[in-house]
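A short write-up of the structure that comes next.
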Amino acid sequence: MKLFYHNMTLATSVAIVVDKLLSASRQMYLEGFVGGSSGNISGRINKDHILIKRSGRRLGFLKPRDLILVPLSAENPEGASSDYWIHREIYRLYGWCNYVIHAHPKQLVRLTLDTCLEEIPIETYEGRVYIGDYVKIFRGRRTDIPKNLNIVRDGEWGYIVEAGHGAYLFGRDLEWLLNMLHELEYIASTHYSHIRL
Ligand SMILES: [Zn+2]
């Protein structure tokens, strides 16, 4: 990042986003949404650049050096998370998107594996208020993920739940994405209890 120290505006933006990404990563780990080196996170620095987690680093223990600055023009930047291509497509599609997080919430993943649901009916009060009647489950090819993103509130946030894998959430505000990640897991656990009665 020394390369950019001559540009204090950019350096300040990087420092702010680094702090937010490290804090959010730790929260995702502490809440059990990721383990080992699974999951990833990124944040927009400006129109053409993002910070993204290095491949293989553990979200719960990230240091500033575990985030790398990448131009969105890069096809396959060395060292970046293997999901970089998904993050890049989301930032390119939605100029309002400032953050992308990816995690493996256990109940949500189990529900997608134990059932053939294409949609999880939302039975929680807050889930209905903030997401709607259903959480959609994507069961197609990974390469089609960018074409199947769900926009919940245009200009605010969206998600995709990939069956047997986890969830990607993206949007303007990082705290909101963490709240919605928690809500998705709560929706899944509530529905899980319901169908097992
Ligand atoms: Zn994953």
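In the working numbering, the protein residues as written are 292 to 488. Note that the Cβ used here is the ideal one computed from N, Cα and C, for glycine as well. Remember, it's a predicted structure, so these values are computed and weren't measured experimentally.
Residue environment for Pro396: buried (at least 16 other C-beta atoms within 10 angstroms of its C-beta). In the structure shown, the three-state DSSP call for Ala479 is helix. Inter-residue distance for Ala302 and Thr434 is about 34 Å (C-alpha atoms, whole angstroms).
In terms of CA proximity to Ile377, Ile436 leads the group Leu342, Ser484, Glu322, Ile436.
Glu410 is bridged by DSSP to Lys427. The region 413-426 makes no contact with the region 361-375; the number of CB pairs closer than 8 Å stays below 3.
Residue environment for Glu476: buried (at least 16 other C-beta atoms within 10 angstroms of its C-beta). Relative to ligand 1, His456 has its C-beta within less than 7 Å of a heavy atom. A check of alpha carbon separations from Leu350 across Ile428, Val452, Ile413, Arg317 identifies Arg317 as the nearest. Shortest gap from the CB of Ser304 to any heavy atom of ligand 1: 7 Å or more. Ligand 1 never approaches Gly351 closely enough for any of its heavy atoms to be under 7 Å from the residue's Cβ.
The Cβ atoms of Arg430 and Ala394 lie no closer than 8 Å to each other. Bounds of the alpha helix (DSSP H) holding Leu399 are 397-405.
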